[in-house]
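Undergrad:
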Amino acid sequence: MSYFEQIDPLKVPSHVAVIMDGNGRWAKSHGKERIFGHFNGVESVRATLKAAVKSGVKYLTLYAFSTENWNRPKEEVEALMNLLVHTITGEIDELDKNEVRLHAIGDIDSLPESCKTELHAAMERTSGNNKVNLILALSYSSRWEINQAVKRILAEGLKPEEISDHLISSYLCTAAFPDPELLIRTSGEKRISNFLLWQIAYSELYFTETHWPDFNEEEFYKAICDYQTRERRFGKTSEQIHTGMGINEKTT
Ligand code: FPP
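Residue numbers for the sequence shown follow our numbering, so the first one is 93 and each next one is one higher.
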């Protein structure tokens, strides 16, 4: 039975976040330059989005470019930005046709003009779609996001007693989205790399050895199946979860 057939439609996560990693190593293993890996990674983005739609995931967040990625060699940064513009331009009709709504989180102002223009046009054009939300994290890092949230909270003069989990969430770039239930990272590294630190407090983590350009629909379904085997306790005991006890008790 395929992994897709094993998915329980009643237990599909609404939000899946992905750290797409391993493009450079994949390219090297094929005797090519790193950018060859990024080019091939676009096909995995397509496959992952298709799999998200087919399995009923409503929000898919992809870590496409981190704040720290600006420190990569100039040629690689330029190639990644060009790839982003080219991909958005090339895919926008298909995204719109499939009712995908595009969003971007991160320091979007720091992106090159061409990138900002394409991104804003694509977000505007797809703003009425609601089959699935594709959220691109661009020039994003969680510490940057938390810094800008704290600055805005202070600038607006909020009082200590007004601070709560809910309020902090509402000042993050992801304010409009639910927290991810599942975080996937490809290529064998087991770290979070400054991605959605606040939002993944209770996410299930899934690591695969597969490099991003080899990640495909079936790999996504496999991750969903693995997620569906997890018992999500939110600090409670297994017994409380199974008997429905302690629903109103505080989680730790
Ligand atoms: C990580 O692999 C990948 C990136 C930093 C870029 C991801 C970009 C894409 C998949 C292409 C375009 C994406 C969109 C959304 C259009 P790495 O370079 O860190 O690989 P390594 O760890 O093997 O060096």
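Note that beta-carbon positions come from the ideal geometry of N, C-alpha and C, so glycine has one too.
Note down the Cα distance separating GLU135 from ARG322, rounded to an integer number of angstroms.
TA: One C-alpha to the other measures close to 29 Å.
Undergrad: Sort out for me which residues DSSP pairs LEU297 with in a bridge.
TA: Bridge partners of LEU297: LEU275.
Undergrad: Only counting the same chain, and skipping five residues up and downstream in sequence, which positions put a Cβ closer than 8 Å to that of GLU309?
TA: Cβ neighbours of GLU309 beyond the five flanking positions: PHE96, ALA139, THR140, LYS142, ALA143 and LYS146.
Undergrad: Shortest alpha-carbon distance to ASN357 belongs to which of TYR151, ILE200 and ASP257?
TA: Outside the displayed span of the chain (93 to 344) sits residue 357, for which this structure offers no information.
Undergrad: Could you work out which residue in ASP100, LEU154, VAL137 and ILE238 is closest to ILE111 when comparing CA atoms only?
TA: Residue LEU154 is the option with its Cα nearest to ILE111.
Undergrad: State the Cα-Cα distance for the pair HIS107 and PRO270, rounded to the nearest angstrom.
TA: Spanning the two alpha carbons is a distance of roughly 7 Å.
Undergrad: Identify whether ARG217 lies in helix, strand or coil by the three-state DSSP scheme.
TA: Reduced to three states, the DSSP call for ARG217 is helix.
Undergrad: Using DSSP with H/G/I as helix, E/B as strand and the rest coil, what is THR266?
TA: In this structure, THR266 counts as coil in the three-state DSSP scheme.
Undergrad: The ligand FPP and MET173: does the residue's C-beta get closer than 8 Å to at least one heavy atom of that ligand?
TA: No, the ligand FPP has no heavy atom inside 8 Å of this Cβ.
Undergrad: In this structure, does DSSP put ILE197 in helix, strand or coil?
TA: Here ILE197 sits in strand by DSSP.
Undergrad: Just mark THR329 as buried or exposed, buried being the case when its beta carbon has 16 or more other beta carbons within 10 Å.
TA: Burial call: exposed.
Undergrad: Can you list, in chain order, the residues of its chain with a C-beta nearer than 7 Å to that of TRP236? Leave out the 5 residues immediately preceding and following it.
TA: So the list reads THR159 and ASP199, once near-sequence residues are dropped.
Undergrad: Between the C-alpha atoms of LEU102 and ARG277, what's the straight-line distance to the nearest angstrom?
TA: Going by the C-alpha atoms only, they are around 24 Å apart.
Undergrad: Going by beta carbon distance, what residues of the same chain come within less than 7 Å of LYS244, once the five residues before and after it are set aside?
TA: This sequence places Arg at residue 244; Lys is not what is there. Around ARG244: TYR263.
Undergrad: My output table needs one value for ILE292: the three-state DSSP class, helix, strand or coil.
TA: Of the three classes helix, strand and coil, the one that applies to ILE292 here is coil, per DSSP.
Undergrad: Report yes if the C-beta distance between ILE227 and HIS178 is below 9 Å; otherwise report no.
TA: No, the Cβ-Cβ distance between ILE227 and HIS178 is not below 9 Å.
Undergrad: For ASN225, which of ILE238, LEU187, SER233 and ASP201 has the nearest alpha-carbon?
TA: Minimum Cα distance to ASN225 is reached at LEU187.
Undergrad: What are the partner residues of GLU111, as DSSP defines its beta bridges?
TA: The question names Glu, yet the displayed sequence has Ile at residue 111. BP columns for ILE111 point to TYR155 and ARG277.
Undergrad: Cβ of THR117 versus every heavy atom of the ligand FPP: is any distance shorter than 8 Å?
TA: The sequence as given places Arg at residue 117; Thr does not occur at that position. Yes, the beta carbon of ARG117 sits closer than 8 Å to at least one heavy atom of the ligand FPP.
Undergrad: Excluding the five sequence neighbours on either side, which residues of its own chain have a C-beta within less than 6 Å of the C-beta of ILE127, listed in chain order?
TA: Only ALA171 meet the Cβ criterion.
Undergrad: So, is GLN291 buried or exposed, given that buried needs 16 or more other C-beta atoms within 10 angstroms?
TA: Classification for GLN291: buried.
Undergrad: Counting only C-beta atoms, is PRO101 closer than 9 Å to chain C at any point?
TA: Here there is only one protein chain, and chain C is not present.
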